[in-house]
Amino acid sequence: MSNQPLKFFAFDVTAPAHLTAGSWRDPEDEGWRYTDVDYWTDTARMLEDACFDGVFFADTVGYHDVHGGSPDAAMRDAAQFPINDPALVVPAMASVTRHLGFGVTASLTYEQPYALARKFSTLDHLTAGRVGWNIVTSYSESAARNLGLGTQVPHDKRYDMADEYLEVCYKLWESSWQDDAVIRDTEAGAYLDPRRIHPIGHKGTYFEVPGVHLCQPSPQRTPVLFQAGASSRGTLFAARHAEAVFVNTMTPELTRHGVDRIRTAVARAGRDPRSVKVLALITVIVAPTDAQAREKYERHLAKVSYEGALARYAGWTGIDLSNVDPDLPLQYADVDGSRSIVEMFSKADPGRTWTTRQIAEFIGVGGTGAVIVGSPRTVAAELRTWRDVADLDGFNLSYATKPGGWEDFIELALPELRRQGLARDAYDERATTLRERFYGAGQRRTLPDHPASGIRAARHEGGQLPGAVGALA
Ligand SMILES: Cc1cc2nc3c(=O)[nH]c(=O)nc-3n(C[C@H](O)[C@H](O)[C@H](O)COP(=O)(O)O)c2cc1C
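The UniProt record's numbering numbers the first residue of the sequence shown as 1 and each following residue consecutively.
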């Protein structure tokens with residue numbers, strides 16, 4: 001268990017509504033401003049003033065059309081739809097901040113590694129090393145249909161492809177360019193020294209990338225790698241590649257089982273299990289007193305869209321519950337969508353069964369994460385319990401309305417968390433990149449036991465460089 005101050009990320013999406021079904025109906029909610037760049041720069045300033053570690057953007061390249069066999073319910077409730085590309089607001093947010101990190105979800109199923117590696121190198125340059133990639137393989141049939149695959153790649157095969165995808169990215173980020181390849185030698189007439197830029201020569205089962213990376217080395221080279229799929233295959237993937245995992249939550253005890261499983265898998269993969277940071281999805285509803293917080297929560301509950309919640313569940317998992325008796329208990333089924341979400345409402349707690357109605361009620365506020373409701377003291381006590389029981393490093397904070405949910409957290413809960421040593425009140429000025437935020441000042445590159453470091457070492461430090469593109473005259 002970590003005694004460091006907790007890490008806090010704001011969990012958001014570039015869409016009018018995220019995990020709380022019907023949040024947009026609250027007059028205080030400003031989710032509709034997602035198309036306005038000022039909204040994002042204001043949010044960035046607010047989070048940096050409060051010393052948040054970062055903002056964490058969810059994303060999907062599909063829409064929820066499984067519920068009732070149509071996208072109607074998702075469209076009516078703005079259930080993660082319409083949705084813009086989060087990567088494109090990051091440079092604007094970075095330009096008004098110096099410390100805030102950016103976790104950006106991007107699917108590897110619909111973009112070649114060569115193109116994605118370039119996108120993240122660009123973001124790492126423009127954020128001065130403050131970017132992380134939340135690696136997802138996507139759960140959405142509609143994404144597969146509209147992006148040319150017809151149907152989804154089967155669940156476990158997606159992760160097999162993802163392993164090779166990461167290998168290609170590591171080669172591009174870590175080994176293609178030497179640190180000193182940009183020389184800007186006006187005398188010799190050479191901006192670059194081609195001898196220091198190397199083709200990666202990758203030819204694998206799924207990908208072929210013979211050439212060089214398009215970008216010069218960025219501050220972190222490999223962005224901080226996040227992962228959030230907790231099925232058996234997903235956990236194996238996380239154990240190899242993730243530097244931080246993002247977990248759903250129901251109770252601290254159940255979350256602990258998942259966290260133990262991840263740390264055991266990390267150790268089996270030959271890495272230090274404590275080096276993988278665990279962030280939990282949580283929504284905090286805080287007010288000056290417990291009673292006022294409860295009232296606020298009831299107000300949010302009254303606005304929850306039952307159909308909107310089920311449209312989300314159906315989209316995430318591929319399971320349509322629209323024609324199921326809402327009070328019948330449900331059982332686990334293997335799906336090509338998110339298996340961890342199906343597991344959460346079936347196998348995770350052997351002592352409990354779930355009905356459609358209960359799933360909709362749970363998801364309604366804060367999605368697949370627990371909701372903490374109370375005064376600043378209650379919230380601090382709860383977060384401490386979650387940290388200790390579930391062995392967490394921090395939280396990804398969702399909201400019932402935005403930006404009010406985070407404003408309340410910052411104004412009311414943070415001072416108490418700071419008093420109790422649970423939250424920082426200043427940034428470490430020496431740790432300027434996102435990776436240093438996790439591992440301390442000076443650690444801009446992946447840790448030695450990470451596979452990206454293996455590729456870096458094999459190509460550079462071992463002196464065995466692959467053939468250079470050309471030679472300077
Ligand atoms: C807390 C949390 C947040 C997630 N956010 C996203 C997201 O924004 N976009 C996405 O495509 N998948 C998201 N996922 C889905 C997973 O990353 C994963 O691709 C999916 O759950 C399927 O993998 P699994 O069967 O191993 O769980 C999220 C999962 C969790 C637990």
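Ideal Cβ placement from N, Cα and C applies to all residues, glycine included.
As the structure is a computational prediction, the values presented were derived from the model and not from experiment.
* For residue 427, name the three-state secondary structure that DSSP assigns. => Working through the sequence shown from its first residue, we reach residue 427 at position 427. Three-state result, residue 427: coil.
* Contact check, residue 372 vs residue 284 under 8 Å by CB: the rounded distance? -> Counting from 1 along the sequence shown, the entry for residue 372 is found at position 372. Counting from 1 along the sequence shown, the entry for residue 284 is found at position 284. So it is a contact: roughly 5 Å between Cβ atoms.
* **Identity of the residue in 396, 290, 391 nearest residue 366 by Cα** => What you label residue 366 is simply residue 366 of the sequence shown in a count that begins at 1. Measuring from the Cα of residue 366, the nearest candidate turns out to be 396.
* Rounded to whole angstroms, what's the CA-CA distance from residue 222 to residue 56? Just pull it up for me. => Residue 222 sits at position 222 when you count from the first residue of the sequence shown. Residue 56 sits at position 56 when you count from the first residue of the sequence shown. Going by the C-alpha atoms only, they are around 17 Å apart.
* **Beta-carbon proximity check, residue 11 vs residue 399, cutoff 9 Å** => On the sequence shown, position 11 is the one that residue 11 refers to. On the sequence shown, position 399 is the one that residue 399 refers to. Yes, Cβ-Cβ distance for residue 11 and residue 399 is below 9 Å.
* Asked: Once you ignore the five residues that flank residue 319 on each side, which residues in its own chain have a CB closer than 8 Å to its CB?
  -> Residue mapping note: residue 319 aligns to position 319 of the sequence shown, counting from 1. Result list for residue 319: 66, 313, 333, 335, 337, 342, in chain order.
* Under a three-way DSSP split, which group does residue 52 fall into? -> As a working note, residue 52 is residue 52 in the sequence shown. For residue 52, the secondary structure class from DSSP, reduced to helix, strand or coil, is coil.
* **Reduced DSSP secondary structure (H/G/I, E/B, other) of residue 13** => As a working mapping, residue 13 is identified with position 13 in the sequence shown. Assigned with DSSP and collapsed to three states, residue 13 falls in coil, not helix or strand.
* Hey, would you say the C-beta of residue 233 is under 8 Å away from at least one heavy atom of ligand 1? -> Locating residue 233 in the sequence shown gives position 233, counting from the first residue. True, at least one ligand heavy atom lies under 8 Å from that Cβ.
* Asked: What is the DSSP secondary structure of residue 20, counted as helix, strand or coil?
  -> The count along the sequence shown starts at 1 and reaches residue 20 at position 20. Here residue 20 sits in coil by DSSP.
* Roughly how many angstroms lie between the CA atoms of residue 388 and residue 42, to the nearest whole one? -> On the sequence shown, residue 388 is found 388 positions in, with the first residue counted as 1. On the sequence shown, residue 42 is found 42 positions in, with the first residue counted as 1. One C-alpha to the other measures close to 33 Å.
* Can we count residue 155 as close to ligand 1, meaning its CB is less than 8 Å from some heavy atom? -> What you label residue 155 is simply residue 155 of the sequence shown in a count that begins at 1. True, at least one ligand heavy atom lies under 8 Å from that Cβ.
* Asked: Which residue from 144, 205, 140, 33 puts its Cα closest to that of residue 167?
  -> Residue numbering aside, residue 167 sits at position 167 when the sequence shown is read from its first letter. Nearest option by C-alpha distance: 205.
* To do: Output the distance between the C-alpha atoms of residue 53 and residue 426, rounded to the nearest integer angstrom.
  => By one-based count along the sequence shown, residue 53 stands at place 53. By one-based count along the sequence shown, residue 426 stands at place 426. If you take the alpha carbons of residue 53 and residue 426, they lie about 10 Å apart.
* Give the straight-line distance between the Cα atoms of residue 83 and residue 14, rounded to the nearest whole angstrom. => Position 83 of the sequence shown, counting from 1, holds the residue named residue 83. Position 14 of the sequence shown, counting from 1, holds the residue named residue 14. Roughly 6 Å between the two C-alpha positions.
* Asked: Can you check whether the CB of residue 107 is closer than 9 Å to the CB of residue 137?
  -> Residue numbering aside, residue 137 sits at position 137 when the sequence shown is read from its first letter. Residue numbering aside, residue 107 sits at position 107 when the sequence shown is read from its first letter. A contact, by the Cβ cut-off of 9 Å.
* Given residue 17, which residues of its chain have a CB within under 6 Å of its CB, disregarding the five upstream and five downstream residues? -> By one-based count along the sequence shown, residue 17 stands at place 17. Around residue 17: 23, 24, 31, 78.
* Asked: Going by the C-beta, is residue 246 closer than 8 Å to any heavy atom of ligand 1?
  -> Taking the sequence shown and counting its residues from 1, the one referred to as residue 246 is at position 246. Yes, the Cβ of residue 246 comes within 8 Å of a heavy atom of ligand 1.
* To do: Closer than 8 Å by C-beta to residue 156: which residues in its own chain qualify, once you throw out the five before and the five after it? Chain order, please.
  => To locate residue 156, count along the sequence shown from 1; it is residue 156. Around residue 156: 233.
* Asked: Buried or exposed: which applies to residue 385, given that a residue is buried once 16 or more other Cβ atoms fall within 10 Å of its Cβ?
  -> Here residue 385 refers to the residue found at position 385 of the sequence shown. When all chains shown are included, residue 385 counts as exposed.
* **residue 58, enclosing beta strand (DSSP E) - first and last residue** => In the sequence shown, the residue the question calls residue 58 occupies position 58. Where residue 58 is concerned, there is no enclosing beta strand (DSSP E), given that its DSSP letter is neither H nor E.
* To do: Taking only heavy atoms of ligand 1 into account, decide whether any of them is closer than 8 Å to the Cβ of residue 84.
  => As a first step, residue 84 is located in the sequence shown; it is residue number 84 there, counting from the start. Checking the Cβ of residue 84 against ligand 1 gives no.
* Should residue 279 and residue 230 be called a contact, given that it needs their Cβ atoms to be closer than 9 Å? -> Sequence index remark: in the sequence shown, residue 279 carries index 279 (1-based). Sequence index remark: in the sequence shown, residue 230 carries index 230 (1-based). Cβ atoms of residue 279 and residue 230: not closer than 9 Å.
* Asked: Does the beta-carbon distance from residue 86 to residue 105 come in below 9 Å?
  -> Position 86 of the sequence shown holds residue 86. Position 105 of the sequence shown holds residue 105. Going by C-beta atoms, residue 86 is nearer than 9 Å to residue 105.
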